[in-house]
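Following: one structure in structure tokens, then a few remarks.
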Amino acid sequence: MREYYLATKFHIPPWRDGVARPRLLAGLDEGLQNGRKLTLVSAPAGYGKTTLLAEWVHSLDAPVAWLSLDEADNDPARFLAYWLAACRRLDESLGQSAQSLLGMPQIPPPAAIFDQLINDLASLEDTAVLILDDYHVITNPVIHEAMEYFLDHQPRQIHLAITSRTDPPFSLARMRVRGQLTEVRAQHLRFTLNEARLFCNQAMHLNLTPDDVAALEARTEGWAAGLQLAALALQNLPDRRDFLAEFSGSHRYVIDYLLDEVLKGQPPEIRDFLRETAVLQRFNAELCLAVAGTQNAADILLHLERANLFLVPLDERRGWYRYHHLFADVLRAGLPAETERKVHRQAARWYTDQDLLAEALPHWLAVPDAYQAAQLLDRLAADWLKNGELQTLLGWLEKLPETAVNTNPDLISYKALCLLLTGQLDHAAQYAQLAQQLFEQQGADAGPGRLLAIQAWFAMTAGQSQAGALAQGSLEELDDSDTFFQAIALIALGSDYAWNTNLPASSQVFRQTYQLGQRMNHPFITLGALANLAFNLLEMGKLREADALCRAALAEYVDQRGRPLPILGIVYSSLAAICYEQGRFDEAQDFARRGITLSQRLFSSVILGGDSEIVLARIAFQRGSPEEALTILAETAAAARQRHVMMVVYKTAVVQAEIHLMLGSLAEAKLHLDELEAQAQASLPKTRQIFAHLSARYWAAAGQPEKALQILADLVAAAQAEQCGRRLMGAYVAQALIQQRQGNWPEARQSFTEALQLAAPEGYATLFFPHAGWQTRPL
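Numbering (the numbering used here), first residue to last: 74 to 852.
Structure (structure tokens):
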């Protein structure tokens, strides 16, 4: 999850003793008092949108959270992370549930995260105001849809205020009809004649005559930026009447004309400083020194602020500033291209030296220096992946020249992983293959650790035998700081050990991954490892430990109000399987359904491996609904096949075969067994043992008990050697049932007793429940 936030984005702009605008504040207050959902301040640049809200905020008694947006916030993960951080300034306990979801490799749909936040905001006792400044920079439709969702479900305690140069694509007409919208537009923001007089003569100390004020107001049409520039120009002009008579026209013409007049009145040092620093999105004195070479940069910044030259402080200490966007745009327009490149280069070096890599990256691209940009992107990528900011990473990869990406195997590896995590498996595989080819061309036997981790993950999801070797190679290459890719490799390695029937080694790896996730403060990795470990313990016959670990997680992963965090959905499938084995079908069904619901809302229907769906199918069968069970399995397999998650397809086929065997539908069972046999011969040892167990049951049902008993004897020996207690119990029960049918009661009782001695202390119960064709009641 994101650990670093740019504090300046939360800074509420100061409101100087300028022109109070009570007529506008009254409208804003009315909207807040009447419980309207949204205040929209929409007007072109330079109309004083931010200034108006800053004045309003400083007049309010209600708590306020402010978030200044920029183009980088078009990544949904980043947008949501900053939104949640802003809300925590109202109350530190807000957004914990939502925050836990941002640690996913791919974040859930924003609406699902807003669900969690909305519930928290609804618990506030008093009304609070959330402000999004400069919303026009947001162009991502996913964020627009999420904002629309928030507005539709907005709790009454929250009032949202937005400034924007254009109307956001919300259902404004509907909100207008319902009385949920307060609107402030350009015609409202235009200075009246009296406001223009107060601004010129009180704020700017010009002492203009009423006629001069009227002329200035008419020429600028009450446009705040035009008035301010005109006032700045008039401060240095002896003949004001001539000046006022000379300019008129469009806003663009006016600002070009007035800015030229304002700059004429400044010393050359100030003019050069303004033009060069206008390239920067934000700056402090040290950065200004680096790009403009001005030794007294701090003094100049103080001068510009006192002179009202469109300088906006970004923190209380006056450490960081930015120019008004309109002012910066016009200043940059007149900057020679070579000078602009020089500024970008100096800024890139300064940010890089300060280890502010995300701020340095756009400057290196603007130079342009693709090599330096690629180097920085390589260093930033892991953090973006850890924060779920896949769109940010993919966006920068798209901005780099194609040759810079396609000749860099590390960057191609990142692109492959982004595509993998967003479900674009075919494209991901192509980029992973391209990365491997590049490494080989560069003389390496195999790719470095990160690429090997990605390839191991691919192999794991496809059920390929090389997953373990790839994961081992990755871990040997990765250093201790590369924790995100270590976690990927460890999960792939643990899964490979499990499918190779080495459950002790697999469990050790998942315990290691669990500890790594805790050190990283990464709940997704922590709970993902725990879920896998729980399944291992269930298979090893250690049901009580599996249950205890999962229930400890239920108690640990709660917010400050004691409510479970939604990230716990990762362990619901494990708990469903545990409860099923314990014979607690209602609880198992509840966990399975909660896991599936969360999975469908937050990820995809098979993200948790299909295990919850399999539990539901087994419960349906146990309760006498075999058709429902088979339907669940068929739908799960189809969804998994569509997403190329073939391991889930395999697991559903196993349970389908089990159900047909218990129904006595040998022809249907044989079809699934033939499919599983083909996979078992070319796949991992666990698949061969699963197939052997099903085959034994098939031969017993087909009238060849001796053949079945021979297979089961081999399975017992293998399960004992591999410490696979649950499979051993299953083999003993199958032996007992066949021996019972043969009338061999002493051996049947012995086999059944062996199963009971393993199962009873750990609480396994469903294993002994009667179902069609397999009666254990006499035993």
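Beta carbons: idealized from backbone N, C-alpha and C, even for Gly. Note that the coordinates shown come from a computational prediction; the quantities given were computed from them, not determined experimentally.
Cβ-Cβ distance between residue i and residue j below 9 Å
i           : j           : result
residue 525 : residue 544 : yes
residue 861 : residue 153 : Because the chain here runs from 74 to 852, residue 861 falls outside it and cannot be looked at.
residue 488 : residue 470 : yes
residue 349 : residue 416 : yes
residue 668 : residue 649 : yes
residue 100 : residue 255 : yes
residue 382 : residue 358 : no
residue 147 : residue 210 : yes
residue 438 : residue 484 : no
residue 224 : residue 196 : no
residue 725 : residue 704 : no
residue 150 : residue 191 : no
residue 85  : residue 156 : no
residue 842 : residue 656 : yes
residue 405 : residue 352 : yes
residue 593 : residue 556 : yes
residue 584 : residue 602 : yes
residue 662 : residue 689 : yes
residue 536 : residue 760 : yes
The ligand PLP heavy atom lying under 8 Å from the CB of residue i
i           : result
residue 618 : In terms of ligand content, the structure shown is empty, and the ligand PLP therefore cannot be addressed.
Secondary structure of residue i, DSSP reduced to three states
i           : result
residue 86  : coil
residue 814 : helix
residue 256 : strand
residue 837 : coil
residue 658 : helix
residue 141 : strand
residue 842 : coil
residue 789 : helix
residue 549 : helix
residue 543 : helix
residue 361 : helix
residue 95  : helix
residue 826 : helix
residue 81  : helix
residue 131 : helix
residue 514 : helix
residue 679 : Annotation note: pLDDT 42 at residue 679 (below 50); position unreliable, no value reported.
residue 595 : coil
residue 225 : helix
residue 699 : helix
residue 341 : helix
residue 797 : coil
residue 536 : coil
residue 832 : helix
Closest residue to residue i among the options (Cα-Cα distance)
i           : options            : result
residue 647 : 659, 640, 631, 664 : 664
residue 186 : 218, 197, 198      : 218
residue 408 : 251, 529, 344      : 344
residue 801 : 611, 130, 661, 775 : 611
residue 645 : 605, 765, 214      : 605
residue 266 : 486, 290, 259      : 290
residue 853 : 767, 116, 757      : The structure shown does not extend to residue 853, since the chain spans only 74 to 852, so no value can be given for it.
residue 684 : 653, 697, 657      : 653
residue 145 : 758, 224, 462      : 462
residue 302 : 282, 337, 284      : 337
residue 237 : 208, 811, 817      : 208
residue 308 : 287, 334, 298      : 334
residue 702 : 122, 797, 711, 687 : 687
DSSP beta-bridge partners of residue i
i           : result
residue 117 : Answer is none; residue 117 lacks a bridge partner.
residue 579 : Looking at the DSSP assignment, residue 579 forms no beta bridge with any residue, so it has no partner.
residue 231 : 201
residue 112 : 234, 255
residue 356 : 394
If we require 4 or more residues per run, which alpha helix (DSSP H) segments fall completely within the region 455-504?
Segments of the alpha helix (DSSP H) lying fully in the region 455-504: 463-472, 475-479, 482-494.
Identify every run of the alpha helix (DSSP H) within the region 165-219, keeping only runs that are complete inside it and at least 4 residues long; order them along the chain.
Those alpha helix (DSSP H) runs which fall completely within the region 165-219 and span 4+ residues are 169-174, 183-194.
With a floor of 3 residues, list each beta strand (DSSP E) that falls wholly inside the region 702-787, ordered by position along the chain.
List check, beta strand (DSSP E) in window: nothing returned.
Which full runs of the alpha helix (DSSP H) of 4+ residues lie inside the region 363-432, going along the chain?
If we require 4 residues or more, the alpha helix (DSSP H) runs fully inside the region 363-432 come out as 370-379, 398-406, 410-426.
Enumerated in chain order, which unbroken segments of the alpha helix (DSSP H) with a length of 4 residues or greater are wholly contained in the region 243-300?
When DSSP assignments are scanned along the region 243-300, the uninterrupted stretches of alpha helix (DSSP H) that are 4 or more residues long and fall wholly within it turn out to be 245-250, 259-262, 266-271, 283-293.
Going residue by residue through the region 615-664, where are the continuous alpha helix (DSSP H) segments of at least 4 residues, counting only ones entirely within it?
Taken in chain order, the whole alpha helix (DSSP H) runs of length 4 or more contained in the region 615-664 are 616-629, 642-654.
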